[in-house]
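A short worksheet on the structure shown next.
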DNA sequence: TAGCACAGAACAAATGATTGTGCCAAACGT
DNA sequence: ACGTTTGGCACAATCATTTGTTCTGTGCTA
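Chains as they are written, first to last, in the working numbering: chain A, 1 to 331; chain B, 332 to 662.
Okay, here's the thing in structure tokens:
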């Protein structure tokens, strides 16, 4: 009832007020006197437009949905932080949807976001289960896949050079004297795991080594999964010397077991993982780390999303961001 | 135009359709035949109510705003994850607002959330700067402070027993032989830092020790702040034996410096901090940790918020959740 | 002086729901 | 037979905007 109040005070009609308040005074040749009066009234009433009514009329909510599998994971925390910031700068609010790696939640959230008429969706999907739903959504609104993608889809996406980075990490491990490398992976059939494992395998094969399934695990992306995989690994193969963890959380879980094992046996294990740069310098041990470029991931995802919203999609709707592979040792 | 389609198909009026679809058929004595017909039409059209229109009319958006200072921090990541889950279970969507510890962002977000007519706000405020704004918001909608609070306000809040936990940690450090404990704190004038430092001081005083300002720092809550404080500390007081970090991020930053220092000097430093339980077991060193009960924090915040929304506020609008203090050593 | 251009602003439809009130017939009671 | 209840539903207002169309005066020209 707020524009109505201005109407009552100034006596001008809704349309005139609306136009003035939206900066269209010039365009609709509204006199300066009128403009001033309306601005004054709006100011004195502390007028704030009703976003719901506006969105209803305009069919644009300036809201976007961000679906991530695990916001507790600092990787997604930082990604969310960057995306939310970029979107805010463009005038959008972000609805946070945390699926917890549960497909049903993903399905649910996609429906909720459509119901809420978000202008766009950025999603790091769990796997391909909701592909159809997303293709369907894509017809009516902007949607961008991030991090975890469907390689074959036409939906815009941005991800890291996972395969190549995993290959590099593995090659480096081999080069520094670890031909037998255990792989602690995420859930099978999931994009990230598939690509990183593929890189791992390719590196081995290039060095005429083959994948030993006894030291390969696909249990999940959580610390608990990491702990379990590492425990099983060391039980079966106590003389393991090198381990490649699919992500930071698996690494954390694995490290619990590793530390204990190293103390008990006196033998040290070489660890490598994705996105553990935050932890690298707090360990008194060498580590091998593949560091995703979150800034580029976020920036490109948001750019693609906005392009989709504005219907100005460029030719490059699929982006692969380079990953930085590095070795670390204190000092 | 969706309910209109159902109208066209079934011939029933808007009111009847709306009532049936909202499960008020009984209440308004609508015949079973009518009900079935409307349901069938809705189903076949794949009808989804327009949430904007509904919210506009009902003045309820089923949306809540969550304002946190740093979603990259796994502590807030987990808190957000829990809160978002609980709210989802109650039918609410969560708008994520990450202030990045910047007061201007907090001010901005509070306005945005009010403009968006959220039903409620859960906020871990930066400090008391926006207190007035929140008191103002409180008149019209539900708002709950979490983690960082204003002790004196009537606004509902839930936080941890920070002072007591810091006291316990400090006492324990003294008890195990560290009378001289450095304090690496967050931003001065901020609730968390004030309470934890107060606990630290009280413990010292109880043991007839006094605060030595040369080993007390209030630089911030980030890893960078932790690194800087620790570096300065060790430069000035190289024989420091025990350090209490105000939070997990400061701990991470400090550890970088500590590890290097320990290698160089051969002397070990006893570390204590809040919310480092995730890291405890991945270090081959004893640690002292105060672990906040995120489950209770989140559950109580959401409960208070819902009470506020439903106007069923109970007597206990201010809750202090116990903190678990524990010592850790591998094995 | 009729006709026209144009500045300036009002009118009213449309967005998609919810809800208080009103209407009509059938059933019911006495 | 007449008044009252009740079942079953429609009408129309309302929520706060935006926007295409229309209206009303000027001042100017032919």
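Glycine included, each C-beta is placed from N, C-alpha and C at the ideal position.
This structure is a prediction, so every number in the text was calculated from the model and none was measured.
For residue 256/A, the closest Cβ of chain B is nearer than 8 Å. For the C-beta of residue 112/A, the chain B residues within less than 7 Å are, from N- to C-terminus, 424. When only Cα atoms are considered, residue 130/A and residue 99/A end up about 13 Å apart. Within chain A, the residues 72 have their CB atoms less than 7 Å from the CB of residue 409/B, given in chain order. Inside the segment 519-555 of chain B, DSSP marks whole alpha helix (DSSP H) runs of 4 or more residues at positions 522-537, from first to last along the chain.
Runs of the beta strand (DSSP E) lying entirely within the segment 15-44 of chain A and spanning at least 3 residues: none are present. Cβ atoms of residue 477/B and residue 628/B come within 8 Å of each other, at about 6 Å. Close partners of residue 17/A in chain B (Cβ separation under 9 Å) are lacking, with about 18 Å as the shortest Cβ gap. Proximity of the segment 49-65 of chain A to the segment 351-364 of chain B falls short of the contact definition, fewer than three beta-carbon pairs being nearer than 8 Å. The beta carbon of residue 294/A sits closer than 7 Å to those of 78, 79, 82, all from its chain and outside the five residues before and after it, given in chain order. Under the Cβ distance rule, residue 529/B does not count among the residues neighbouring chain A, no pair being separated by less than 8 Å.
For the segment 30-60 of chain A, the beta-carbon criterion of a distance under 7 Å to any beta-carbon of chain B is satisfied by 48, 51, 52, 53, 55, 56. Non-local C-beta neighbours of residue 458/B in its own chain, meaning closer than 8 Å and more than five positions away in sequence, comprise 434, 479, 518, 520, 521, 522, ordered along the chain. Sequence-ordered contacts of the segment 590-609 of chain B with chain A read 590, 591, 593, 594, 595, 609 [C-beta pairs closer than 9 Å].
Taking all protein chains in view, the Cβ of residue 643/B is surrounded by fewer than 16 other Cβ atoms within 10 Å, so the residue is classified as exposed.
For residue 474/B, the enclosing beta strand (DSSP E) begins and ends at 473-477. Among the residues facing chain A, residue 626/B is not included, as its CB has no counterpart in that chain under 8 Å away. Pairing residue 585/B with residue 652/B, the inter-Cα distance amounts to about 27 Å.
Here residue 630/B really is in contact with residue 417/B; their C-beta atoms are around 7 Å apart, less than 8 Å. Within the model, the alpha-carbon separation for residue 208/A versus residue 245/A is close to 22 Å. About 18 Å separates the beta carbon of residue 52/A from that of residue 94/A, a gap too long to meet the 8 Å contact definition.
Against chain B, a Cβ distance below 9 Å from residue 90/A picks out nothing, because the smallest value is about 13 Å.
Nearest in C-alpha terms to residue 656/B, of all of 604/B, 648/B, 609/B, is 604/B. Residue 438/B is a Cβ neighbour of residue 464/B, given a cutoff of 8 Å.
At least one CB atom of chain A sits nearer than 8 Å to the CB of residue 446/B. Residues of chain A with a Cβ closer than 7 Å to the Cβ of residue 613/B are, in chain order, 252, 255, 256, 259. Annotation: the continuous alpha helix (DSSP H) that includes residue 386/B extends over 382-389. The beta carbon of residue 81/A falls within 8 Å of a beta carbon belonging to chain B, placing the residue at that interface.
For residue 429/B, the pairing in a beta bridge is given by DSSP as 399/B. Taking CB atoms only, residue 193/A has no neighbour in chain B less than 8 Å away. In the structure shown, the three-state DSSP call for residue 482/B is coil.
Non-local beta-carbon contacts of residue 533/B in its own chain, meaning distances under 7 Å to residues more than five positions away in sequence, involve 498 in chain order. In the structure shown, the three-state DSSP call for residue 186/A is coil. Taking 8 Å as the cut-off, the beta carbon of residue 351/B is found no closer than this to the beta carbon of residue 334/B. In this structure residue 211/A does not touch residue 230/A by the C-beta definition: roughly 18 Å separates them, more than the 8 Å allowed. Using a Cβ-Cβ distance cut-off of 8 Å, the segment 606-619 of chain B and the segment 259-268 of chain A are in contact, since at least three pairs of beta carbons, one from each stretch, lie closer than that value.
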